[in-house]
Amino acid sequence: MSNWDPFAKVQRLKKANPTRPFDSKQERLPPGQYLTEKFPILHYGGVPKFDPQTWDFKIWGLVEKPIRLSWGEFVKLPTIEVITDIHCVTRWSKFDTKWRGVPWHWVMETAQPKPEAQYIPHLYFWKSAKWLRGIEFMSTDRAGFWEGYGYHMHGDPWRSERFAE
């Protein structure tokens with residue numbers, strides 16, 4: 006693991022002065038973002054090793070039917086492809102990015118969230134959860150790793166919610 010300090014990174018990003026003024030004609034590009042054709046790879050810490058024999062994915066918390074899937078079970082789930090724009094807290098955006106994944110309705114129908122389940126972490130690509138291993142349904146919101154270093158709790162790119170006040 007490097008000596009990179011996530012708190013220092015937040016402080017540098019807060020001082021950044023984006024040069025692109027907001028243009029309402031650019032409806033796909035949030036204020037303060039710049040467009041890239043590349044796919045920047047940014048992460049903190051090491052990259053976990055993948056072992057298909059021990060890997061699992063969990064859906065837990067306030068659900069009627071908690072789920073734990075092995076890699077073999079996970080790759081057999083139904084998938085869909087979507088094309089979407091992505092916006093990173095470090096101010097880059099990439100349009101028309103193709104993703105493949107398990108449809109959300111499968112999660113909802115299979116896990117059956119309880120009525121008191123009001124929160125799941127969302128807007129992941131705004132602060133980017135990588136190497137996702139599960140989804141927790143919760144009754145209250147709570148801060149995660151990046152929020153502890155000064156990032157905004159919600160992180161809506163259209164409201165420029167990069168950092169906590």
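If you use the numbering used here, the sequence shown corresponds to residues 6 to 170, in order. Note that the Cβ used here is the ideal one computed from N, Cα and C, for glycine as well.
Residue i in three-state terms, based on DSSP
i: H159; result: coil
i: E114; result: helix
i: G77; result: helix
i: E69; result: coil
i: Y124; result: strand
Same chain, Cβ closer than 7 Å to residue i, neighbours up to 5 away in sequence not counted
i: S75; result: D61
i: W109; result: none
Rounded separation between residue i and residue j - CA only
i: P162; j: R33; result: 11 Å
i: R73; j: I140; result: 11 Å
i: G77; j: F55; result: 13 Å
i: Y49; j: V94; result: 14 Å
i: T102; j: E42; result: 10 Å
Neighbourhood of residue i by C-beta distance below 6 Å, restricted to the same chain and skipping five residues each side
i: A116; result: I64, V68, K70 and I72
i: F79; result: F62
Whole-number beta carbon distance between residue j and residue i, since they are thought to touch under 8 Å
i: N106; j: T89; result: Reading the sequence as shown, one finds Gly at residue 106 and not Asn. 11 Å between Cβ atoms; not a contact.
i: W104; j: V87; result: 5 Å
Cβ of residue i within 8 Å of any chain D Cβ
i: K103; result: The question asks about chain D, but that chain is absent: this structure has only one protein chain.
Residues near residue i in its chain [Cβ-Cβ closer than 8 Å; skip 5 each side]
i: T145; result: Q123 and Y124
According to DSSP, residues forming a beta bridge with residue i
i: I88; result: K103
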